[in-house]
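Peer 1: Pasting a structure here, questions to come.
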Amino acid sequence: MNTNKTKSTKLAIFCAAAMTALIGTANAEEPNGGKTVVTCTSTSIEGLFHQMIPILGLRELGYKVDMPKTLSVPLVHQSIAMGDCDYAVDEWVPLHQTFYDAVKDLTTRLGPTIAGASQGYLIDKATADAHNIKSLEQFKDPAIAALFDTNGNGKADLAGANPGWGSEKIINNEIAKIGLKDTVDHNQGEYSVLISDVLARFKSGKPVFFYTWTPNWTTAEMKPGEQTVWLTVDPANCSADEPCGTSTSGFPVNDIMILANNEFLKRNPSANAFLSAVRIPLADVNAENLLIHQGQSSEKEVIGHAEKWVADNRAQFDAWLKQARATQ
Numbered sequence: 006m007n008t009n010k011t012k013s014t015k016l017a018i019f020c021a022a023a024m025t026a027l028i029g030t031a032n033a034e035e036p037n038g039g040k041t042v043v044t045c046t047s048t049s050i051e052g053l054f055h056q057m058i059p060i061l062g063l064r065e066l067g068y069k070v071d072m073p074k075t076l077s078v079p080l081v082h083q084s085i086a087m088g089d090c091d092y093a094v095d096e097w098v099p100l101h102q103t104f105y106d107a108v109k110d111l112t113t114r115l116g117p118t119i120a121g122a123s124q125g126y127l128i129d130k131a132t133a134d135a136h137n138i139k140s141l142e143q144f145k146d147p148a149i150a151a152l153f154d155t156n157g158n159g160k161a162d163l164a165g166a167n168p169g170w171g172s173e174k175i176i177n178n179e180i181a182k183i184g185l186k187d188t189v190d191h192n193q194g195e196y197s198v199l200i201s202d203v204l205a206r207f208k209s210g211k212p213v214f215f216y217t218w219t220p221n222w223t224t225a226e227m228k229p230g231e232q233t234v235w236l237t238v239d240p241a242n243c244s245a246d247e248p249c250g251t252s253t254s255g256f257p258v259n260d261i262m263i264l265a266n267n268e269f270l271k272r273n274p275s276a277n278a279f280l281s282a283v284r285i286p287l288a289d290v291n292a293e294n295l296l297i298h299q300g301q302s303s304e305k306e307v308i309g310h311a312e313k314w315v316a317d318n319r320a321q322f323d324a325w326l327k328q329a330r331a332t333q
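Take the sequence shown: its letters are residues 6 to 333, numbered as in this note's numbering.
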């Protein structure tokens with residue numbers, strides 16, 4: 006019998022047990038120890054970074070929080086209102102106003118977590134400069150629209166929004182209001198697939214026409230002002246229920262907030278305080294999305310990026326935790 010191996014095995018088991026006990030003790034010191042929080046999202050891997058930062062904080066407050074459940078935008082709102090999910094970190098305001106109006110008596114918006122997010126339509130700068138294209142309204146001209154035809158039907162192909170996204174309605178409304186139905190096709194499907202095709206066309210020097218938003222990697226790979234151009238949209242062509250204000254992008258400037266269930270917030274004042282306090286700079290989310298596009302896109306890698314962000318911003322993170330613990 007190898008006694009040294011047996012001793013090593015026993016030592017490893019003892020150390021693991023001791024570590025588990027320490028973690029359990031640490032969680033037990035938090036009043037929230039043992040409480041489970043359920044979060045959901047309507048975003049893909051690109052949204053995980055800014056979802057993980059609040060999750061990491063809630064875990065430090067003693068909550069048990071698993072990975073977010075992925076649902077459509079309408080279902081996220083319904084699930085939070087019904088209490089099937091406690092909160093989500095991707096409430097675009099005012100983009101999601103219609104969805105929020107249906108559940109506003111049962112939910113609360115916190116934040117903004119990320120301020121100043123924008124959306125709009127982009128085309129490649131080479132085509133814009135060659136044909137003096139500056140606005141979406143110019144796509145009423147069949148000759149302009151045909152420059153962005155990818156399937157031979159003579160109409161411009163716009164790489165647009167996923168079905169069910171808040172932006173889907175805005176895009177369709179603007180196409181109708183400007184009078185573009187005969188010259189523009191709003192191509193919909195999985196956005197990541199559509200935009201990958203756009204990027205391939207862009208890199209091969211072909212004209213591109215696409216919807217995008219910030220924070221997103223697209224504006225790092227196809228830089229506005231250098232390689233692409235934002236199209237303007239007359240604010241008068243924005244729909245009445247989605248006014249653009251002073252924005253000329255076709256979309257109002259948005260803040261990304263947290264949407265939470267009212268009963269959850271009442272039962273968990275520390276979670277309420279922490280989630281209300283979290284602020285993530287737009288530039289940091291843009292940088293993360295570029296890392297994802299460049300290949301650091303596994304769940305493990307993105308979680309690692311969030312953990313590094315917390316470490317790099319530890320003083321601010323601790324201040325948010327202090328605010329939360331003061332409510333206990």
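The beta-carbon is built from N, C-alpha and C at its ideal position, and this holds for glycine as well.
In its own chain, which residues sit with a C-beta less than 7 Å from the C-beta of ASP95, not counting the 5 before and 5 after it?
Peer 2: Counting from 1 along the sequence shown, the entry for residue 95 is found at position 90. These residues qualify, in order along the chain: THR46, SER47, THR48, GLY52 and ILE261.
Peer 1: Should THR217 be labelled buried (16 or more other beta-carbon atoms within 10 Å of its own) or exposed?
Peer 2: In the sequence shown, residue 217 corresponds to position 212, counting from 1. So THR217 ends up on the buried side.
Peer 1: Under the DSSP definition of a beta bridge, which residues are partnered with THR75?
Peer 2: To locate residue 75, count along the sequence shown from 1; it is residue 70. THR75 is bridged to THR46.
Peer 1: How long is the line joining the alpha carbons of PRO79 and GLY169, rounded to whole angstroms?
Peer 2: Here residue 79 is taken as the residue at index 74 of the sequence shown, counted from 1. Here residue 169 is taken as the residue at index 164 of the sequence shown, counted from 1. Spanning the two alpha carbons is a distance of roughly 7 Å.
Peer 1: Just verifying my parser: in three-state terms, what is the DSSP assignment at GLY230?
Peer 2: As a working mapping, residue 230 is identified with position 225 in the sequence shown. Correct three-state label for GLY230: coil.
Peer 1: With respect to the alpha helix (DSSP H) encompassing PRO99, which residues constitute its N-terminal and C-terminal limits?
Peer 2: The residue given as residue 99 occupies position 94 in the sequence shown. Neither: PRO99 is in no alpha helix (DSSP H) and is coded neither H nor E.
Peer 1: Looking at SER275: is its Cβ nearer than 9 Å to the Cβ of ARG206?
Peer 2: Indexing the sequence shown from 1 puts residue 275 at position 270. Indexing the sequence shown from 1 puts residue 206 at position 201. Taking 9 Å as the Cβ cut-off, SER275 and ARG206 do not qualify as a contacting pair.
Peer 1: Between ALA5 and the rest of its own chain, which residues show a CB-CB distance below 8 Å, the 5 nearest in sequence each way excluded?
Peer 2: No information on residue 5 is available, as it lies outside the stretch 6 to 333 that the chain covers here.
Peer 1: How many Å lie between ALA151 and VAL189 at the Cα?
Peer 2: In the sequence shown, the residue the question calls residue 151 occupies position 146. In the sequence shown, the residue the question calls residue 189 occupies position 184. If I take the Cα positions, the gap works out to 9 Å.
Peer 1: For my contact list, VAL234 and SER254 are in at a C-beta cut-off of 8 Å; report their separation, rounded to the angstrom.
Peer 2: Residue mapping note: residue 234 aligns to position 229 of the sequence shown, counting from 1. Residue mapping note: residue 254 aligns to position 249 of the sequence shown, counting from 1. Not a contact, Cβ separation roughly 12 Å.
Peer 1: Counting only the same chain and skipping the five closest in sequence on each side, list residues whose C-beta sits under 6 Å from that of PRO73.
Peer 2: Stepping through the sequence shown from its first residue, residue 73 is reached at position 68. Contacts found: THR44, CYS45, THR46 and GLN56.
Peer 1: Here's a check: name, in chain order, each residue in its chain whose Cβ is nearer than 8 Å to the Cβ of GLN301, leaving out the five neighbours to either side.
Peer 2: The residue labelled residue 301 in the question sits at position 296 within the sequence shown. The residues are VAL307 and HIS310.
Peer 1: Got a sec? Which residues, its chain only, sit under 6 Å from GLN279 by beta carbon, not counting five neighbours each side?
Peer 2: Your numbering for residue 279 matches position 274 in the sequence shown. Per the sequence presented here, residue 279 reads as Phe, with Gln not at that position. So the list reads GLY62, TRP325 and ALA329, once near-sequence residues are dropped.
Peer 1: Take the Cβ of ASP110 as the centre, count every other Cβ of all protein chains shown within 10 Å, and call the residue buried at 16 or more, exposed below.
Peer 2: What you label residue 110 is simply residue 105 of the sequence shown in a count that begins at 1. Answer is exposed; the Cβ neighbour count stays below 16.
Peer 1: Can you tell me which residues form a DSSP beta bridge with MET262?
Peer 2: Reading the sequence shown from its first residue, position 257 is the one you call residue 262. DSSP output for MET262 lists GLU96 as bridge partner(s).
Peer 1: Please report the Cβ distance between GLN124 and SER172, rounded to the nearest whole angstrom; I am assuming they are in contact, meaning their Cβ atoms lie under 8 Å.
Peer 2: In the sequence shown, counting from the first residue as 1, residue 124 sits at position 119. In the sequence shown, counting from the first residue as 1, residue 172 sits at position 167. 6 Å between Cβ atoms; contact.
Peer 1: Taking the straight line between their C-alpha atoms, what separation do you get for CYS90 and TYR105?
Peer 2: For the purposes of this step, residue 90 is taken as the residue at position 85 of the sequence shown. For the purposes of this step, residue 105 is taken as the residue at position 100 of the sequence shown. Their Cα atoms are separated by approximately 15 Å.
Peer 1: Just verifying my parser: in three-state terms, what is the DSSP assignment at LYS211?
Peer 2: Residue 211 sits at position 206 when you count from the first residue of the sequence shown. Note: LYS211 maps to coil in three-state DSSP.
Peer 1: Between GLN193 and SER77, what straight-line distance do the alpha-carbon atoms span, to the nearest angstrom?
Peer 2: Residue mapping note: residue 193 aligns to position 188 of the sequence shown, counting from 1. Residue mapping note: residue 77 aligns to position 72 of the sequence shown, counting from 1. Looking at the two C-alpha atoms, the distance is approximately 15 Å.
Peer 1: Measuring only the C-alpha atoms, how far is THR132 from LYS69?
Peer 2: In the sequence shown, the residue the question calls residue 132 occupies position 127. In the sequence shown, the residue the question calls residue 69 occupies position 64. Looking at the two C-alpha atoms, the distance is approximately 52 Å.
Peer 1: Can you grab the Cα-Cα spacing for the pair ILE85 / LEU236, in whole Å?
Peer 2: One-based indexing of the sequence shown puts residue 85 at position 80. One-based indexing of the sequence shown puts residue 236 at position 231. Going by the C-alpha atoms only, they are around 36 Å apart.
Peer 1: On the criterion of 16 or more Cβ atoms from any shown chain inside 10 Å, does GLY67 qualify as buried, or is it exposed?
Peer 2: On the sequence shown, residue 67 is found 62 positions in, with the first residue counted as 1. Answer is buried; the Cβ neighbour count reaches 16.
Peer 1: With C-beta atoms as the reference, is GLU142 less than 9 Å away from CYS243?
Peer 2: Within the sequence shown, the letter at position 137 stands for residue 142. Within the sequence shown, the letter at position 238 stands for residue 243. Not in contact: GLU142 and CYS243 (Cβ atoms no closer than 9 Å).
Peer 1: Tell me which same chain residues have a C-beta within less than 6 Å of the C-beta of GLY116, skipping the five on either side of it?
Peer 2: Within the sequence shown, the letter at position 111 stands for residue 116. So the list reads MET262 and ILE263, once near-sequence residues are dropped.
Peer 1: Quick check on the DSSP output: the beta strand (DSSP E) that includes SER123 runs from which residue to which?
Peer 2: As a working mapping, residue 123 is identified with position 118 in the sequence shown. Counting along the chain, the beta strand (DSSP E) containing SER123 begins and ends at 112-129.
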